[in-house]
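Asker: Below is the structure I would like to discuss, written out as structure tokens.
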Amino acid sequence: MKLLAPLFAGMCLVGLFRTDALAFSPEAQEKVITAASKNVIQIGLSYRGDEIHFFGVNPVAGADVITRLTAEKDEVIKLSVKGKVGPFWMTVKQYEVTGAPFVYKIHANKPVKEIISDDLARELELGYPAIKHKIKMHLVRGKAEPGDEDKIFQGLINIKESDNLYNIVEDPARLEIAGGKLFKHYFRFPPKATEGNYQVETFAFKNGELVGYGKDVIRIQKVGLESWLTKTSQESPVFYGIMAVLIAIGAGLGVGMIFRKGGHH
Amino acid sequence: MEIYLPIAGMSLNIFLVVGIGGLVGFLSGLFGVGGGFLLTPLMMMIGIPPAVAAASDSNQIVAAASSGAFAHWRLGNVDFKMGLIILVGGITGGTIGVQLVYYLRQIGNFEFVMKVVYVLMLGLVGSAMFMESLRTILRSRNPEAIEAVVSSQPKLVQMFAKMPLKMHFHRSGLYTSAIFPFSIGTTVGIMAALLGVGGGFIMVPAMIYIIGMPTIVAIGTDLFQIVITSANVTLQQAFVNKTVDLLLAMLLLIGSTIGAQFGAMAGKRLKGEQIRILLAIIVLAMTVKLFLDLVLPPEHLVSLAPAKGGGH
Numbered sequence: 001m002k003l004l005a006p007l008f009a010g011m012c013l014v015g016l017f018r019t020d021a022l023a024f025s026p027e028a029q030e031k032v033i034t035a036a037s038k039n040v041i042q043i044g045l046s047y048r049g050d051e052i053h054f055f056g057v058n059p060v061a062g063a064d065v066i067t068r069l070t071a072e073k074d075e076v077i078k079l080s081v082k083g084k085v086g087p088f089w090m091t092v093k094q095y096e097v098t099g100a101p102f103v104y105k106i107h108a109n110k111p112v113k114e115i116i117s118d119d120l121a122r123e124l125e126l127g128y129p130a131i132k133h134k135i136k137m138h139l140v141r142g143k144a145e146p147g148d149e150d151k152i153f154q155g156l157i158n159i160k161e162s163d164n165l166y167n168i169v170e171d172p173a174r175l176e177i178a179g180g181k182l183f184k185h186y187f188r189f190p191p192k193a194t195e196g197n198y199q200v201e202t203f204a205f206k207n208g209e210l211v212g213y214g215k216d217v218i219r220i221q222k223v224g225l226e227s228w229l230t231k232t233s234q235e236s237p238v239f240y241g242i243m244a245v246l247i248a249i250g251a252g253l254g255v256g257m258i259f260r261k262g263g264h265h
Numbered sequence: 001m002e003i004y005l006p007i008a009g010m011s012l013n014i015f016l017v018v019g020i021g022g023l024v025g026f027l028s029g030l031f032g033v034g035g036g037f038l039l040t041p042l043m044m045m046i047g048i049p050p051a052v053a054a055a056s057d058s059n060q061i062v063a064a065a066s067s068g069a070f071a072h073w074r075l076g077n078v079d080f081k082m083g084l085i086i087l088v089g090g091i092t093g094g095t096i097g098v099q100l101v102y103y104l105r106q107i108g109n110f111e112f113v114m115k116v117v118y119v120l121m122l123g124l125v126g127s128a129m130f131m132e133s134l135r136t137i138l139r140s141r142n143p144e145a146i147e148a149v150v151s152s153q154p155k156l157v158q159m160f161a162k163m164p165l166k167m168h169f170h171r172s173g174l175y176t177s178a179i180f181p182f183s184i185g186t187t188v189g190i191m192a193a194l195l196g197v198g199g200g201f202i203m204v205p206a207m208i209y210i211i212g213m214p215t216i217v218a219i220g221t222d223l224f225q226i227v228i229t230s231a232n233v234t235l236q237q238a239f240v241n242k243t244v245d246l247l248l249a250m251l252l253l254i255g256s257t258i259g260a261q262f263g264a265m266a267g268k269r270l271k272g273e274q275i276r277i278l279l280a281i282i283v284l285a286m287t288v289k290l291f292l293d294l295v296l297p298p299e300h301l302v303s304l305a306p307a308k309g310g311g312h
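Right, here's the structure in full:
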């Protein structure tokens with residue numbers, strides 16, 4: 001089997017280099033075989049987000065399963081913090097946040113805390129505390145105050161959760177493990193999830209230790225008119241601007257011809 | 001039925017978008033105003049990012065105004081010379097305005113400034129209209145109180161006529177200074193970029209009462225300059241901020257052109273002052289909503305600033 005070769009290589013490597021930063025790499029674990037209902041999501045005119053269902057086989061009977069959805073690349077985000085200036089609420093400072101995942105969803109069949117230790121969760125980047133540990137923020141404008149870090153992090157989580165880009169669901173009904181062996185779950189991709197590659201990782205744990213790992217790659221791409229408009233507006237802004245104006249004038253004159261009476265002004 | 005707006009990066013109900021266009025078109029047909037000043041705030045209320053709302057609205061205005069301008073041009077109501085001078089101002093203002101939007105987006109206060117300017121503008125226009133229509137209604141109830149309306153028009157017109165750079169404007173029948181049309185063009189151009197409005201609701205009264213143009217020529221000339229000013233703003237927004245959502249603009253256009261026809265029909269059946277007081281109430285309600293946004297503690301203190309900072 002093709003899959004086994006890199007698996008063994010990985011195991012050997014981990015065995016050889018025990019001083020590696022990670023005690024073990026997830027890739028070195030037994031492969032969790034999963035099947036996704038589809039691997040490509042297309043953003044067309046009527047796109048309103050999508051859902052992908054995953055089915056998998058638990059490598060060790062009775063193991064707990066945690067799944068994670070992330071985008072392949074992190075993003076740099078600028079966050080504005082509002083404060084009161086006189087009677088008005090306006091932006092008083094800005095932080096630049098690096099290393100925050102664009103999408104971050106964790107589904108588990110029970111609370112992550114009950115499955116693994118905090119240390120392991122941090123090491124594998126499972127859960128919000130791990131994200132907080134990983135991101136870096138620096139002040140771009142305004143004055144730093146104590147407590148900013150917590151405020152910014154909570155603000156980031158709120159923004160992402162309201163766009164349905166982040167969530168943590170620890171529910172045996174959402175991540176169902178039938179007979180301890182077969183598991184199924186789904187991830188919802190919200191309309192805000194933009195083009196790019198996303199990865200769905202599956203971690204299996206038994207007695208607090210990682211016993212299996214699997215990864216699926218999901219691709220989101222704009223198609224047709226959506227793809228063309230976005231690409232043109234970003235890559236050829238001059239052409240796009242002129243086109244937008246010409247189409248508007250054409251539409252306006254066309255409408256003027258149709259309603260010939262010269263009715264409204 | 002949802003539609004995905006590529007530049008706004010969100011999906012919205014298509015009937016909601018066309019419906020908002022239709023509502024604003026209906027009002028503009030009914031009241032004879034451009035309606036851009038209602039459209040941008042409404043779009044923000046349904047969650048479209050402010051910069052995308054303003055830029056796409058400008059694009060939509062190009063279409064809406066060009067159909068009106070075309071009709072007026074055929075009737076000979078466009079003073080091209082006056083229009084061109086206003087335009088030079090408008091393009092200067094529009095270019096400054098787009099750079100201002102870029103800067104304000106960088107420091108994260110675009111939305112704040114936009115709302116402040118809106119509150120001032122809408123508050124002013126709304127209360128002026130409310131007072132005017134209330135006076136008309138009261139006057140029609142007791143006819144004895146009819147007083148001669150003393151217009152301050154001649155004084156202002158004379159004052160501007162004294163300034164340098166005098167020119168003949170044949171279509172308007174005026175001999176006056178070019179400075180004023182230029183500076184009002186600049187002001188309205190800046191506002192067009194900042195708010196995504198055509199500016200007719202300031203420009204037309206200014207042309208009638210301050211420059212002294214005949215009403216119908218003022219409207220025709222205004223529509224002509226709006227086409228060019230909004231086209232310039234749309235181009236600049238596309239070049240600098242990349243926030244023009246063509247799909248959104250076209251959906252709004254479909255709604256607004258259809259709505260405008262129905263608005264014009266309804267307008268013929270209602271009394272002028274009743275219509276105007278209604279519009280004044282709508283405008284004032286919007287002002288209050290935007291004002292509250294500025295002074296009430298926001299639901300979320302931390303918000304997303306536009307991602308691509310100095311993306312060169």
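For the protein sequence lines, the chains are A and B, in the order given. Okay, so the first sequence: first residue is 1 according to the UniProt record's numbering, each after it adds one. Okay, so the second sequence: first residue is 1 according to the UniProt record's numbering, each after it adds one. Ideal placement from N, C-alpha and C gives every residue a C-beta, glycine not left out.
#1: Any beta-carbon of chain A closer than 9 Å to the one on Met43 of chain B?
#2: So, do the region 12-31 of chain B and the region 177-184 of chain B have three or more beta carbon pairs nearer to each other than 8 Å?
#3: In chain order, what residues of the same chain lie with their CB nearer than 6 Å to the CB of Met129 of chain B, ignoring the 5 residues before and after it?
#4: Please list, in chain order, all residues of the same chain as Thr189 of chain B whose beta carbon is under 7 Å from its beta carbon, the five residues on each side excluded.
#5: Closer than 7 Å by C-beta to Lys93 of chain A: which residues in its own chain qualify, once you throw out the five before and the five after it? Chain order, please.
#6: Along chain D, in chain order, which residues have C-beta atoms closer than 8 Å to that of Gln234 of chain A?
#7: When you check each C-beta in the region 214-225 of chain A against every C-beta of chain B, which residues fall closer than 9 Å?
#8: Would you please verify whether the beta carbon of Lys192 of chain A is less than 9 Å from any beta carbon of chain B?
#9: Let's test the definition: count the other Cβ atoms within 10 Å of the Cβ of Ala35 of chain A and tell me whether it reaches 16, buried, or not, exposed.
#10: Tell me, which residues are paired with Ile85 of chain B by DSSP?
#11: Within 10 angstroms of the Cβ of Glu226 of chain A, are there 16 or more other Cβ atoms? Answer buried if so, exposed if not.
#12: Find the nearest neighbour of Val76 of chain A within the set A:Asp64, A:Ser162, A:Val65 and A:Pro101, judged by alpha-carbon distance.
#13: List the residues of chain A that Tyr4 of chain B touches, going by C-beta distances under 8 Å, in chain order.
#14: Output, in sequence order along the chain, the residues in the region 62-90 of chain A whose CB is closer than 9 Å to any CB in chain B.
#15: CB-CB under 6 Å to Gly83 of chain B, same chain, minus the five flanking residues each way: which ones, in chain order?
#16: If I'm right that Glu2 of chain B touches Arg48 of chain A with Cβ under 8 Å, what's the distance once you round it to whole angstroms?
#17: Within 10 Å of its beta-carbon, does Ala71 of chain B have 16 or more other beta-carbons around it, so buried, or fewer, so exposed?
#18: Report the residues of the region 104-125 of chain B with a CB closer than 7 Å to any CB of chain A, ordered along the chain.
#19: Who does Trp89 of chain A pair with in a DSSP beta bridge?
#20: Identify whether Gly108 of chain B lies in helix, strand or coil by the three-state DSSP scheme.
#21: Looking at the strands, I want to know which residues DSSP matches up with Ile66 of chain A.
#22: Pick helix, strand or coil for Gly9 of chain B, following the three-state DSSP scheme.
#23: Straight-line CA distance for Leu292 of chain B to Thr91 of chain A?
#24: Is the distance from the Cβ of Pro191 of chain A to the Cβ of Gly19 of chain B below 9 Å?
#25: Leaving out five residues before and five after His265 of chain A in sequence, what residues of the same chain have Cβ atoms less than 7 Å from its Cβ?
#26: Quick check on this structure: which residue in B:Thr187, B:Leu138 and B:His300 has the alpha carbon closest to the alpha carbon of Leu87 of chain B?
#27: Determine, for Tyr240 of chain A, whether the minimum Cβ-Cβ distance to residues of chain B falls below 9 Å.
#28: To test your reading of the DSSP string, which unbroken beta strand (DSSP E) runs of 3 or more residues are found completely within the region 226-302 of chain B?
#29: Run through DSSP, which three-state label would Asn77 of chain B get?
#30: At the level of alpha carbons, what is the spacing between Phe239 of chain B and Val62 of chain B?
#31: Note down the Cα distance separating Tyr4 of chain B from Ala231 of chain B, rounded to an integer number of angstroms.
#32: Identify the continuous alpha helix (DSSP H) that holds Gly200 of chain B and give its terminal residues.
#33: Under three-state DSSP, which class holds residue 322 of chain B?
#34: Taking a cut of 8 Å between CB atoms, which residues from the region 138-155 of chain A lie near chain B?
#35: Run through the region 91-140 of chain B for me and flag every whole alpha helix (DSSP H) of 4 or more residues, listed as ranges in chain order.
#36: Should Ala148 of chain B be flagged as near chain A, meaning a C-beta pair shorter than 9 Å?
Answerer: If we stick to the structure as given:
#1: Not closer than 9 Å to any Cβ of chain A, the Cβ of Met43 of chain B fails to qualify, so no.
#2: The region 12-31 of chain B vs the region 177-184 of chain B: no contact.
#3: The residues are Arg276 and Ala280.
#4: The residue asked about is misnamed: residue 189 of chain B is Gly in this sequence, not Thr. Correct list, in chain order: Gly89, Gly90, Ile91, Thr92, Gly93, Gly94, Gly97 and Thr229.
#5: Val81, Leu139, Arg141, Gly142 and Lys143
#6: Protein chains in the displayed structure are A and B, and chain D is not among them.
#7: Lys222 and Leu225
#8: yes
#9: In this structure Ala35 of chain A is exposed. Its beta-carbon is surrounded by fewer than 16 other beta-carbon atoms within 10 angstroms.
#10: The partner list for Ile85 of chain B (beta bridge, DSSP) is empty, contrary to what the question assumes.
#11: Under this definition Glu226 of chain A is a buried residue.
#12: A:Pro101
#13: Contacts between Tyr4 of chain B and chain A, judged by CB atoms closer than 8 Å, involve Ile43, Gly44, Leu45, Ser46, Tyr47, Arg48, Pro191 and Glu226 in chain order.
#14: Glu75, Val76, Ile77, Lys78, Leu79, Ser80, Val81, Lys82, Gly83, Lys84, Pro87, Phe88, Trp89 and Met90
#15: Thr221, Phe224 and Gln225
#16: 4 Å
#17: buried
#18: So the list reads Ile107, Gly108, Asn109 and Phe112, given in the order they occur along the chain.
#19: A:Lys84
#20: The answer is coil: DSSP assigns Gly108 of chain B none of H, G, I, E or B.
#21: A:Ala108 and A:Phe203
#22: For Gly9 of chain B, the secondary structure class from DSSP, reduced to helix, strand or coil, is coil.
#23: 16 Å
#24: Against a cut-off of 9 Å, the Cβ pair of Gly19 of chain B and Pro191 of chain A comes out as no contact.
#25: Annotation note: pLDDT 43 at His265 of chain A (below 50); position unreliable, coordinate value reported separately. Answer for His265 of chain A: no residue qualifies.
#26: Looking at the Cα atoms, B:Thr187 is the closest of the given residues.
#27: Yes - at least one Cβ of chain B is within 9 Å of the one on Tyr240 of chain A.
#28: none
#29: coil
#30: 17 Å
#31: 24 Å
#32: Gly200 to Pro205
#33: What is shown of chain B runs 1 to 312, which leaves residue 322 of chain B out entirely.
#34: Cβ contacts with chain B come from Arg141, Lys151, Ile152, Gln154 and Gly155.
#35: none
#36: Model confidence at Ala148 of chain B stands at a pLDDT of 42, short of 50, so the residue's coordinates are unreliable; what they give is reported in the following sentence. Chain A contact via Cβ: absent.
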